[in-house]
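Chemist:
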Ligand code: XIL
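Next up, the structure:
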């Protein structure tokens, strides 16, 4: 073949290829958009719902590419008696994720809540509690080695004004408990991404400053930490600001850490108005847009698949309806906003 005809063949082929990619139908689900952007959109999963509710399972697998167990990987669920580990429920989620090609975030290895009595009411010294913590973190993280890509290792260690939260952990062991947990998790599963996770530290604030200082110090001392989880449980009365969120993500990124938005919901009154639903959708949009604009922010997870199983009504009586899908599995304006934000052109990275 002549050189010129080879050239024209190549030109025609590449034109055809680019026409095909333009003609590809746009995704119609969050998952479709997220996969296309190589971004993670996830939801917290309730195991009773997963086991009993087919529409729930379908919605979860259709709209999300990442899952996190709402409760079953917490301490009271995984080590209810000292040294006796129970992983059945957590394994069910891992299996569901494998069948549906989803990623699993692990939540959470050490927290001041969801502790079994043997821990909460035990007689401890600094040495014995440190050892029990090491054994727990190591037992859970090694069971899920290779199956969980990111762990919330330490949850909510900072108090609301930025002080170290008083808890069994900080009272008996001292702030070193954080480092003990990260080192044990890294030893058990060196490939998992290890996160510090907290609430109320998403926008710049005294608490966010304290979280920043905490992770900066861990990083500076070589403690194996990879990221910061921002829970993002919010209400219409909370200060949610995209610029402030981005500034906070930027300074964490400058430490060499990544960010996941780990537990988003936006609670509204039970007798909500259409305006409140729109205001909720705007908060959802601002947060996702802020995360997508920062390369260090790599995942956004909501704290529940739909309103039917949300923790909000129990935690905040009179409030609810905080998720992307309602009790009848129908998408809400927040969902349409997310589709819109995900379909926006990717901002140039700076
Ligand atoms: C909540 C669950 O949603 C509830 O079902 C449970 O009763 C209590 O815990 N921050 C966290 C999550 O890190 O683990 C909490 O989950 C919500 C607040």
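Residue numbers (the working numbering): 207 to 556. Where is the CB? At the ideal position from N, CA and C, for every residue including glycine.
Near residue 311, which residues of its chain fall below 6 Å by C-beta distance, leaving aside the five closest residues on each side in sequence?
Modeler: Taken in chain order, the residues that qualify are 274 and 356.
Chemist: Take the Cβ of residue 215 as the centre, count every other Cβ of all protein chains shown within 10 Å, and call the residue buried at 16 or more, exposed below.
Modeler: Classification of residue 215: exposed, given that the 10 Å Cβ count is below 16.
Chemist: Can you tell me where the beta strand (DSSP E) with residue 531 in it begins and where it stops?
Modeler: No beta strand (DSSP E) holds residue 531; DSSP gives it neither H nor E.
Chemist: Got a sec: does the ligand XIL put a non-hydrogen atom nearer than 6 Å to the Cβ of residue 361?
Modeler: Yes - the ligand XIL has a heavy atom lying nearer than 6 Å to the Cβ of residue 361.
Chemist: State the DSSP-derived secondary structure class of residue 444, mapped to helix, strand or coil.
Modeler: DSSP places residue 444 in coil when its eight states are reduced to three.
Chemist: Quick one: residues in its chain with C-beta nearer than 6 Å to the C-beta of residue 574, no 5 flanking neighbours on either side, listed in chain order?
Modeler: It is not possible to answer for residue 574, since the shown part of the chain is limited to 207 through 556.
Chemist: Among 298, 456, 285 and 269, whose alpha-carbon lies nearest the alpha-carbon of residue 258?
Modeler: Comparing Cα-Cα distances from residue 258 to each of 298, 456, 285 and 269, the minimum goes to 298.
Chemist: Quick check: does the Cβ of residue 517 come within less than 6 Å of any heavy atom belonging to the ligand XIL?
Modeler: The answer is yes for residue 517.
Chemist: What are the partner residues of residue 316, as DSSP defines its beta bridges?
Modeler: Looking at the DSSP assignment, residue 316 forms a beta bridge with 360.
Chemist: Whose C-beta lies closer than 7 Å to the C-beta of residue 280 among residues of the same chain, with five residues either side of it excluded?
Modeler: Counting only Cβ-Cβ distances below 7 Å, and skipping sequence neighbours, we find 314, 317 and 320.
Chemist: Using C-beta distances below 7 Å, list every residue in its chain close to residue 410, excluding the 5 sequence neighbours before and after it, in chain order.
Modeler: Only 450, 453 and 454 meet the Cβ criterion.
Chemist: Measuring from the CB of residue 512, is there a heavy atom of the ligand XIL at a distance below 6 Å?
Modeler: Result no, Cβ not under 6 Å from the ligand XIL.
Chemist: Give a single yes or no on whether residue 276 has its beta carbon closer than 6 Å to a heavy atom of the ligand XIL.
Modeler: True, at least one ligand heavy atom lies under 6 Å from that Cβ.
Chemist: By alpha-carbon positions, which one of 305, 283, 534 and 306 ends up nearest to residue 295?
Modeler: Comparing Cα positions, the closest option is 283.
Chemist: Use the C-beta contact count for residue 217: other C-beta atoms within 10 angstroms, 16 or more gives buried, fewer gives exposed.
Modeler: Counting Cβ neighbours within 10 Å, residue 217 comes out exposed, since fewer than 16 surround it.
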